[in-house]
Structures are given as C-alpha cells and as structure tokens.
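**Q** If you scroll down you'll find the structure; I have some questions about it.
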Amino acid sequence: MVKSGVASSMASVFAVAFIVLIVQVGLYGAKGQVESGFSQVSLASSDLQIQKPYDVPQSARYSFINGVHKLWVYSTDKPYAPNSSTKPRTEIRILNHDYSSGTWQFEAYGYVPSGTTGVSIMQIFGGSPQATTLMLRVYNGALQYYQAQFVDPNIYNRWFRLNVVHNVDLSKVRVYIDGVQKLSVNGRGGTSHYFKVGVYTQNNPSNYMESRWRDIKIFKRN
Numbered sequence: 001m002v003k004s005g006v007a008s009s010m011a012s013v014f015a016v017a018f019i020v021l022i023v024q025v026g027l028y029g030a031k032g033q034v035e036s037g038f039s040q041v042s043l044a045s046s047d048l049q050i051q052k053p054y055d056v057p058q059s060a061r062y063s064f065i066n067g068v069h070k071l072w073v074y075s076t077d078k079p080y081a082p083n084s085s086t087k088p089r090t091e092i093r094i095l096n097h098d099y100s101s102g103t104w105q106f107e108a109y110g111y112v113p114s115g116t117t118g119v120s121i122m123q124i125f126g127g128s129p130q131a132t133t134l135m136l137r138v139y140n141g142a143l144q145y146y147q148a149q150f151v152d153p154n155i156y157n158r159w160f161r162l163n164v165v166h167n168v169d170l171s172k173v174r175v176y177i178d179g180v181q182k183l184s185v186n187g188r189g190g191t192s193h194y195f196k197v198g199v200y201t202q203n204n205p206s207n208y209m210e211s212r213w214r215d216i217k218i219f220k221r222n
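Heads up: the sequence shown begins at 1 in the UniProt record's numbering, then just goes up one per residue.
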C-alpha cells in the first residue's frame, strides 16, 4: 500500500511537471539552441538603446514590465530625430556589439498582437547599397523577409522564439522560428552590422503597431 501510494505520488509529480513544460512551450515557444559552436555575449541594460519618436517621452512608446519589453508606435508619429527623413519607429538598438566579421546570432522571444501590420519587427542593420542586411516584416499576420518571401504564415498573438544567424564572412543569413529554420538567404553587403527589434513603420501600415520582446541574447561563434 505504501509503495503504491509513493508510486502514485511520483506519477502525479511527473504529470504536473509535464503539464508545466507544455504550458511554458505554448507561452514562450520552443526552447533550445540552434546551430552549435556559439558563446553568449554579455548584454548590459545600457546596451539596449531605445529609439522612439523624438517629440514624446520614452514612457509614451516603451515599457519594461516583468521582463517584457513592449514597444509601440503610430503611423502618424514623428521620426526618431528632428532631422531624420525615416518613418516612425520604436526600436531597441543593440549597442556596443557592432560587428564586421565572423558569425553572430540574435535570440529573443517575440510577440505581435493582431492588427499590427506594415511594420518591421527585426533588423540586421548595415547593407550596401541598401541600409539593411535583413528585415523581418509583418503583413496581415504573416512574417516576411522584406516583401519577397514568407517566413511564417501566422505570427499573431503567440510567443515565438526567434533566432537569426548572420555569417558575415560567407554572406549568409538564416532565420529560425521556434528552432525550425524558416529562411536562408544571401547577405546584402555592408561593412558594419548590428541588431534591432521593435516596430519600424513600412508600407501600408496599421495606425497602431506593437511588438513585445523578452530574453534578448547575443551569441558569437567561437
């Protein structure tokens, strides 16, 4: 009887642990590294620069609560600087980790609420002659590589794990969603690069655009 009770209790514990794991995966996407040979680079809070419309306080377009960065912008907002001709944005720009060679990886959990469209949510800045090597845009719920190729058909209202691997020397970019490779494309030139996430207005935008990010990490291949 005692042994039976212990076995039953152990089974209950394992069942609860399994349910918790399933819930975590559902909330935050699949876990686990993509590719091998990378070491994590230390990120300080000062390495996360918020770029937002120049005429409003940061708190009007950005919040950080319970580990989640929430960034939003309106299509009628001002650019990030008075002398800038770019479209409205609220983005996190990774500072102090610009790179020009080697293989680098960005990882974070992202969330895009329904209704957000016509917006870039992730960039690798630095290209030639264009400004970027990678843009991941959202159009009507689909995640796209610029406007040329679908990455994920339904990105709305769920946490997903995004990994972006940039091999500068071979000029290759790979994108993973929840550990599954969704995109492999050539690089687009440029001599210096850095990562950005948030919301950056593109063509045919919604009036209100939002994305959320947690557990932002940077890795460099050894």
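Just so it is clear, CB atoms sit at the ideal spot from N, CA and C, and this is done for glycine as well.
This one's a predicted model, so the numbers in the text were calculated from it and none came from an experiment.
How long is the line joining the alpha carbons of W72 and K217, rounded to whole angstroms?
**A** Stepping through the sequence shown from its first residue, residue 72 is reached at position 72. Stepping through the sequence shown from its first residue, residue 217 is reached at position 217. Distance between the alpha carbons of W72 and K217 is about 21 Å.
**Q** Note down the Cα distance separating A81 from I124, rounded to an integer number of angstroms.
**A** Looking up residue 81 in the sequence shown gives position 81. Looking up residue 124 in the sequence shown gives position 124. A81 and I124: Cα-Cα distance of roughly 20 Å.
**Q** Considering Cα atoms alone, identify which of R214, D77, V112 and S75 is closest to L136.
**A** As a working mapping, residue 136 is identified with position 136 in the sequence shown. Answer by Cα proximity: V112.
**Q** Less than 8 Å between the beta carbons of D47 and S192, yes or no?
**A** In the sequence shown, the residue the question calls residue 47 occupies position 47. In the sequence shown, the residue the question calls residue 192 occupies position 192. Going by C-beta atoms, D47 is not nearer than 8 Å to S192.
**Q** Among residues of its own chain, excluding the 5 on either side of R214, which ones have a beta-carbon nearer than 6 Å to its beta-carbon?
**A** The count along the sequence shown starts at 1 and reaches residue 214 at position 214. The residues are G67, V68 and Y109.
**Q** Under the DSSP definition of a beta bridge, which residues are partnered with R93?
**A** Here residue 93 refers to the residue found at position 93 when the sequence shown is read from its first residue. Bridge partners of R93: Q49 and K196.
**Q** Which same chain residues, not among the five before or five after G189, have their C-beta less than 7 Å away from its C-beta?
**A** The sequence position of residue 189 within the sequence shown is 189, counting from 1. Answer for G189: G127 and S128, listed in chain order.
**Q** What does the alpha-carbon distance come out to for the pair V197 and F150?
**A** The sequence position of residue 197 within the sequence shown is 197, counting from 1. The sequence position of residue 150 within the sequence shown is 150, counting from 1. C-alpha separation (whole angstroms): 18 Å.
**Q** State the DSSP-derived secondary structure class of A131, mapped to helix, strand or coil.
**A** One-based indexing of the sequence shown puts residue 131 at position 131. Coil.
**Q** First and last residue of the beta strand (DSSP E) that includes W159?
**A** Taking the sequence shown and counting its residues from 1, one reaches residue 159 at position 159. Note, W159: premise wrong, no beta strand (DSSP E); not H, not E.
**Q** Quick check on DSSP: helix, strand or coil for A60?
**A** Residue mapping note: residue 60 aligns to position 60 of the sequence shown, counting from 1. Reduced to three states, the DSSP call for A60 is helix.
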